[in-house]
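Undergrad: Below: one structure in structure tokens.
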Amino acid sequence: MTVFNGSGAIEPPAVSIDLGFDHDHIWHPYSSMNAPGPLFPVASAEGALLTLEDGRQLVDGMASWWAAIHGYNVPELNQALQHQLPQMAHVMFGGLTHQPAVTLAKKLVELTVPSLEKVFFTDSGSVAVEVALKMALQYWQGQGEPGRQKFLTVKSGYHGDTFATMAFADPATGMHGRFGGLLADHLFAPMPPLQDSPWEPAAMEPIAQLLADNHQQLAGIILEPLVQGAGGMRMYRAEYLDGIRQLCDRYGLLLILDEIATGFGRTGSLFAYEQAGIEPDILCLGKALTGGYLTLAATLTTQRVADGIAGDGDGTLMHGPTFMANPLACAVANASIDLLLASPWQSRVQAIENQLHQQLEACRSLPLVADVRVKGAIGVVELTEAVEMNWIQPRLVDLGVWIRPFGKLLYVMPPYIISAEQLTLLTAAMYQVVDEMAQRSRGE
Ligand code: PMP
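For the sequence shown, this note's numbering gives the first residue as 805, with consecutive numbering after it.
Rendered as structure tokens:
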């Protein structure tokens, strides 16, 4: 097998991936050592295609979990890394600084609302959320109200896998069952109503009541704007987000928006909060920040919050990871942002949205389909029963697509550069596997 990268052929790997060793020794995300499930060795990736070691090519519907917005093997991003590498791969950020970090912080401050002007770099989305929580807690310590240690969130949310962030997973379906006693006890409002139902201001009443009863013990509200991702792939209306901002203002609470999944164009605007015309007090970014090349995240906040934190003793924000502001990651993030802004990303996301609407609608009439939802470059088919991963994953690969369902959800969020033909392959495969699932459950 020979792989082409546009600038010439790359030799295939001399030794094939040792799947037996992988099976026996390596955990994959949410997997069991005893029954790890099907695994597909990838040799390379290019554009919107993943090439498996056996030469099969799969159209990528996942953008590597929301991150690879430009696709793979992107010349501009490769070049940014090649340029940065000989200068320095990494230096500690304590007491030192460097151009890639300063350039990136400037870009993030410029791209987001004017009130967000302070930047903290971390190495993953979960940690960016941890830092956001710390900022909020230290803000209240600085205000002489250290008792404000709880947050309010909505059910069906997801903010990460570390202990502080797991506490915001849905209390019924999330991590509480397993780690209950170790997770902080926050407040949960009902899920926001789905975007397709007509807007009823009464939707704000349950959360308004929770706040009226509990605001004195709260530091802030945290949620994913407009799209709840890993907690259920649920899209909700901008009016709800606007209502949350108003409630935060009424009680002087901080609003933390987790745009780790939605940031950088995925919902049709550069950041989802723009569609509600609101400004968060703290914003978390990650995933697509580096175009899916390296692990980097950022937490942005306002002068008010930074001043509040500084009001606490010597004002030190108590966080400082080893790989903070890694220069390679910052350099590729800078190139990814430049590439995004120079591209017709809005029309690309709009075209993906239109096509997903048109092509996924057909799934609605299939047995086993509970709902079809589309927002920006995100298409979801919710089923009435959980998928059987050992059957559906190889079947999707047979159909030439890389789609990774979970629970009752079959969904895609492809790279923005996907072609209309490639996207059709994704939606056709979704239709086909759901149809086959129904046949299987009828015993055909
Ligand atoms: N917040 C949201 C909204 C996410 O979707 C994710 C990742 N799925 C995270 C936080 C955690 O990010 P990471 O996996 O980089 O820790």
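Every residue, glycine too, gets a C-beta built ideally from N, C-alpha and C. None of the values given here were measured: they were computed from a predicted structure.
1. Check whether the Cβ atoms of Met1039 and Arg1177 lie closer than 8 Å to each other.
2. Just to confirm the assignment, what range does the beta strand (DSSP E) spanning Asp1175 have?
3. Please classify Trp1149 as buried or exposed, where buried requires at least 16 neighbouring CB atoms within 10 angstroms.
4. What did DSSP end up calling Ala1034 once you bin it into helix, strand or coil?
5. Can you list, in chain order, the stretches of the alpha helix (DSSP H) that have 4 or more residues and sit fully within the segment 1145 to 1207?
6. So, is Gly1072 buried or exposed, given that buried needs 16 or more other C-beta atoms within 10 angstroms?
7. How many whole angstroms separate the CB atoms of Val958 and Leu1027, which I take to be in contact at a CB cut-off of 8 Å?
8. Counting only the same chain and skipping the five closest in sequence on each side, list residues whose C-beta sits under 7 Å from that of Ala803.
9. With H, G and I counted as helix, E and B as strand and the rest as coil, what does DSSP make of Ala1242?
10. In three-state DSSP terms, what is Ala813?
11. Return the CA-CA distance between Ile830 and Met837, expressed in angstroms with no decimal places.
12. Please work out which residues of its chain come closer than 8 Å, Cβ to Cβ, to Gly1211, disregarding the five sequence neighbours upstream and downstream, and give them in chain order.
13. Can we say the segment 948 to 955 touches the segment 896 to 909, given the rule of at least three CB pairs closer than 8 Å?
14. Val1205 and Gly865: beta carbons closer than 8 Å?
15. Pop quiz: Ala1102 and Leu1121 are said to be a contact at Cβ under 8 Å. What is the actual Cβ separation, rounded to whole angstroms?
16. For Arg759, I'd like the list of residues in its chain whose CB is within less than 6 Å of its CB, leaving aside the five on either flank, ordered along the chain.
17. Quick check on the burial criterion: 16 or more other C-beta atoms within 10 angstroms. Buried or exposed for Trp870?
18. Would you say the beta carbon of Ile1064 is closer than 7 Å to some non-hydrogen atom of the ligand PMP?
19. Have a look at Lys938 and Ser928 and give me their C-alpha separation to the nearest angstrom.
20. Do three or more CB pairs link the segment 856 to 863 to the segment 1052 to 1068 at distances below 8 Å?
21. Helix or strand or just coil, what does DSSP make of Asp1301?
22. What are the start and end residues of the alpha helix (DSSP H) that includes Lys938?
23. So what does DSSP say about Ile1011, is it helix, strand or coil?
24. Using a threshold of 7 Å, is the CB atom of Ala1034 nearer than that to any non-hydrogen atom of the ligand PMP?
25. Please report the Cβ distance between Pro1217 and Arg1070, rounded to the nearest whole angstrom; I am assuming they are in contact, meaning their Cβ atoms lie under 8 Å.
26. Give the straight-line distance between the Cα atoms of Asp1118 and Trp944, rounded to the nearest whole angstrom.
27. Mind checking whether Asn1130 and His874 have CB atoms under 8 Å apart?
TA: Per the coordinate set shown:
1. yes
2. Val1173 to Lys1179
3. buried
4. coil
5. 1149 to 1164 and 1193 to 1202
6. buried
7. 5 Å
8. Coverage of the chain is limited to positions 805 through 1248, which leaves residue 803 absent and any answer about it impossible.
9. helix
10. The predicted position of Ala813 is uncertain, since its pLDDT is 47 and thus under 50; a value taken from the coordinates is nonetheless stated next. If DSSP states are grouped into helix, strand and coil, Ala813 belongs with the strands.
11. 8 Å
12. Ala1190 and Val1191
13. no
14. yes
15. Going by Cβ atoms, the distance from Ala1102 to Leu1121 rounds to 14 Å, so no, they are not a contact pair.
16. Any property of residue 759 remains undetermined from this structure, which presents the chain solely from 805 to 1248.
17. buried
18. yes
19. 15 Å
20. no
21. Past the edges of the chain, shown from 805 to 1248, lies residue 1301, and the structure says nothing about it.
22. Gly929 to Gly946
23. helix
24. yes
25. The displayed chain sequence assigns Met, not Pro, to residue 1217. About 7 Å; that satisfies the 8 Å criterion.
26. 15 Å
27. no
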